[in-house]
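First up is the structure itself, then whatever we jot down about it.
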Amino acid sequence: ITEELCGHAFSASSISAINKRLDESLKAFAERPLQEPFAYLILDARYEKVREAGIVMSQAVLIAVGIDWDGRRQILAVEMANRESRSAWRDFLVGLKARGLKGVELVVSDDHAGLVAAIGEVIPEAAWQRCYVHFLRNALDHLPRKHGDDCLQELRWLYDRRDLAEAKADLAAWLSKWSARYPRLTTWVEETIEYTLTFFRLPRQHHKHLKSTNMLERLNEEIRRRTYIVRIFPNSQSCLRLVRALAVETNENWMEANRYINMDDLREHKKLTLRQAA
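Numbering (the working numbering), first residue to last: 3 to 280.
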């Protein structure tokens, strides 16, 4: 792997020394205490091919990104799992809580059943936002093979509305317009769309960042670009080492960059909500 990534060969002793130093720093990153609260938590997984006991299999790489009250993104955890089961995600989230994860108000993810169940079990106090991009992709499964683009494009426009009232008004109009032509799709949307609209509880300035997992998808693209060189990892540890090293690099860049979002918007939004409720 080192030769493929760096372009020249290393001796076995050199590689062993490099790995030892790298593993120590990656372990410190993976186990660091999470001292500040993270209002937003974004979760996703990707799959890499790993050789175990002579058999090539796909293993899940679980990733968590948090946004703190300073508005900065941090990669909180990267772990390997055989698959995205409820127990795998539960252990992942329990590990985050053990390191100090607290104050989570919103979790953004896809609707993988095991992940959603684990979120409800470990972080029940948080609201859940189902990634609307994944939702629209899933909608294709409920359309005939030959269909026009207007139907899904109009559904997509719901997520650019200013508030929940506007989105629900457009949803009602959309259902009325398309139910006769695509009854299977419209029934599915009506039954499942609710959790894709959770982000409307947030200040409008945060909508584009928290209505999907796109921010994490971009990180996954960079991981894919690096791991494509290797294609099949000799073991899960070598895969985790590479992905965590990339996570450390990305995390450092994020911490040095400008704030990702302005959390004063959320503070003011909370005050306004309290005044309206009084």
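C-beta atoms are modelled at their ideal positions from N, C-alpha and C, and glycine is treated no differently. Note that this is a predicted model, so its numbers are computed, not measured.
Taking DSSP as the reference, what is the three-state secondary structure of residue i?
i, result
"MET82", "strand"
"LEU95", "helix"
"TYR184", "coil"
"ASP172", "helix"
"LYS51", "strand"
"ASP70", "strand"
"ASP46", "strand"
"ILE125", "coil"
"ARG75", "strand"
"SER240", "helix"
"SER89", "helix"
"TYR230", "helix"
"SER214", "coil"
"LYS148", "coil"
"LEU204", "coil"
"ASN140", "helix"
"ASP2", "Nothing about residue 2 can be read from this structure; the chain reaches only from 3 to 280."
"ASN255", "helix"
"ILE119", "First, the residue type needs correcting, since residue 119 is Ala and not Ile in the sequence shown. Of the three classes helix, strand and coil, the one that applies to ALA119 here is helix, per DSSP."
"TYR197", "helix"
"ARG277", "helix"
"LEU103", "coil"
"ILE263", "coil"
Measuring alpha carbon to alpha carbon, tell me which residue in the options is nearest residue i.
i, options, result
"VAL63", "ASP72, SER240, PHE31 and GLU258", "SER240"
"ILE44", "GLN61, LEU244, GLU26 and ASN216", "ASN216"
"MET82", "ARG48, LEU138, ALA175 and ARG186", "ARG48"
"GLN37", "VAL232, ARG277 and ASP70", "ASP70"
"ARG206", "LEU157, LEU24, TYR161 and ARG23", "TYR161"
"PRO39", "GLY68, GLU33 and MET59", "GLY68"
"SER87", "SER111, VAL124 and ALA115", "ALA115"
"VAL96", "ARG85, ASP72 and GLY122", "GLY122"
"ILE57", "GLU254, GLU127, ILE234 and ASN222", "ILE234"
"LYS170", "ARG147, PRO146 and PHE202", "PHE202"
"GLU219", "ALA279, ASN253 and SER111", "SER111"
"SER329", "GLU254, VAL250 and ARG261", "The chain is shown from 3 up to 280; residue 329 falls before or after that span and cannot be answered."
Provide the residue(s) that pair with residue i in DSSP beta bridges, ordered along the chain.
i, result
"TRP159", "Note: TRP159 sits in no beta bridge, so no partner."
"ARG132", "SER111"
"PHE235", "VAL52"
"GLN61", "GLU50"
"PHE40", "ASP70"
Note down, in chain order, each residue of its chain lying with its Cβ closer than 6 angstroms to the Cβ of residue i, except the 5 sequence neighbours on either side.
i, result
"THR229", "GLU50"
"VAL135", "SER214"
"THR188", "LEU177, TRP180 and SER181"
"ILE65", "ASP46 and VAL80"
"ARG186", "HIS144"
"ASP113", "ARG132"
For the putative contact between residue i and residue j, defined by C-beta atoms under 8 angstroms, what is the C-beta separation to the nearest angstrom?
i, j, result
"GLN131", "TYR197", "7 angstroms"
"LEU98", "ALA79", "6 angstroms"
"ARG163", "ASP172", "6 angstroms"
"LEU154", "LEU138", "6 angstroms"
"ARG246", "PHE94", "In fact, because the Cβ distance is near 14 angstroms, the residues do not count as touching under 8 angstroms."
"HIS144", "TRP190", "5 angstroms"
"ALA41", "GLY105", "6 angstroms"
"THR200", "ALA129", "5 angstroms"
"ILE263", "HIS208", "6 angstroms"
"LEU166", "ALA141", "Wrong, their Cβ atoms sit about 20 angstroms apart, outside the cutoff."
Within a Cβ cutoff of 8 angstroms, which residues of the same chain sit near residue i, ignoring the five residues on either side of it in sequence?
i, result
"MET257", "ARG74 and GLN76"
"LEU204", "LEU108, LEU212, LEU268 and HIS271"
"ILE225", "ARG48, VAL63, VAL245 and LEU248"
"SER238", "VAL52, GLU54, GLN61 and MET82"
"LEU24", "ARG243 and ALA247"
For a test of your reading of the model: does the CB of residue i fall under 7 angstroms from any non-hydrogen atom of the ligand ADP? Yes or no.
i, result
"PHE31", "For the ligand ADP, the structure offers nothing, since it holds no ligand at all."
Given residue i, which residues of its chain have a CB within under 7 angstroms of its CB, disregarding the five upstream and five downstream residues?
i, result
"PRO126", "none"
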